[in-house]
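**Q** Sharing a structure with you now.
In the working numbering, the protein residues as written are 4 to 220.
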């Protein structure tokens with residue numbers, strides 16, 4: 004073996020990327036490609052190229068495009084829930100609502116590829132569509148739990164129990180924040196702080212009104 008070939012072979016060996024780092028690169032690249040092209044338009048070879056690996060290495064980690072997509076959905080949906088739905092001990096209900104809205108839009112601003120990936124129209128693939136519905140329902144459950152946590156022991160309002168109200172408000176919160184974030188994604192000249200304040204006022208007026216009626220009853 005010539006000296007040049009020897010140096011090339013051993014140089015490649017020294018530069019071999021650990022499996023864990025390769026997986027992270029693949030996941031990061033896949034988020035960008037799926038966000039840009041959607042599930043149907045994304046190609047595994049494009050993901051591999053952006054990750055700096057050959058397609059065979061990608062398939063060592065993920066057996067199919069569906070498996071990769073589902074892994075990303077579950078991973079980043081969990082991250083979003085953990086960031087934006089934290090139960091802050093000692094915080095007032097108003098502070099909980101404001102903190103949740105603020106951290107949600109920080110997520111949109113900090114990770115636009117991830118947010119776009121999570122909120123594209125669900126793929127036609129029925130298995131992935133089922134996962135998307137499960138993730139949305141889990142998000143509703145966590146938001147409702149945060150609302151119950153903040154509301155404490157309040158009485159029913161006009162016959163609506165706290166549990167019923169929490170689920171209704173959770174769905175309304177999801178729709179409102181998602182709708183505004185979709186618009187803001189295309190109108191980033193509007194400062195995040197302004198978006199957060201307007202969404203907070205919208206949500207808080209409804210939630211605060213419910214709490215006041217429950218207290219008065």
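Note that CB positions come from ideal geometry on N, CA and C, so glycine has one too. Since the structure is predicted, the reported quantities are computational estimates derived from the model, not experimental observations.
Taking 7 Å as the cut-off, decide whether the C-beta atoms of residue 202 and residue 60 are in contact.
**A** Not closer than 7 Å, so no.
**Q** Do residue 134 and residue 73 have their CB atoms nearer than 7 Å?
**A** Contact: yes.
**Q** Just the Cα atoms here: how many angstroms apart are residue 151 and residue 48?
**A** About 46 Å.
**Q** According to DSSP, simplified to helix, strand and coil, what is residue 55?
**A** Here residue 55 sits in coil by DSSP.
**Q** With 16 other CB atoms within 10 Å as the buried threshold, where does residue 147 fall?
**A** Counting Cβ neighbours within 10 Å, residue 147 comes out buried, since at least 16 surround it.
**Q** If we ignore side chains and look at the alpha-carbon of each, how far apart do residue 34 and residue 113 end up?
**A** Between residue 34 and residue 113, the C-alpha separation is close to 14 Å.
**Q** Can you tell me whether residue 11 is buried or exposed? The criterion is at least 16 other CB atoms within 10 Å of its CB, across all chains shown.
**A** Confidence is the limiting factor: at residue 11 the pLDDT is only 43, short of 50, which leaves the residue's position unreliable, though a coordinate-based value still follows. Residue 11 is exposed by the Cβ-count criterion.
**Q** Between 211, 132, 153, 138, which has its C-alpha nearest residue 93's C-alpha?
**A** When only C-alpha atoms are compared, the closest one is 153.
**Q** What do you get for residue 142, buried or exposed, if any count of 16 or more other CB atoms within 10 angstroms of its CB means buried?
**A** Buried, since its Cβ has 16 or more Cβ neighbours within 10 Å.
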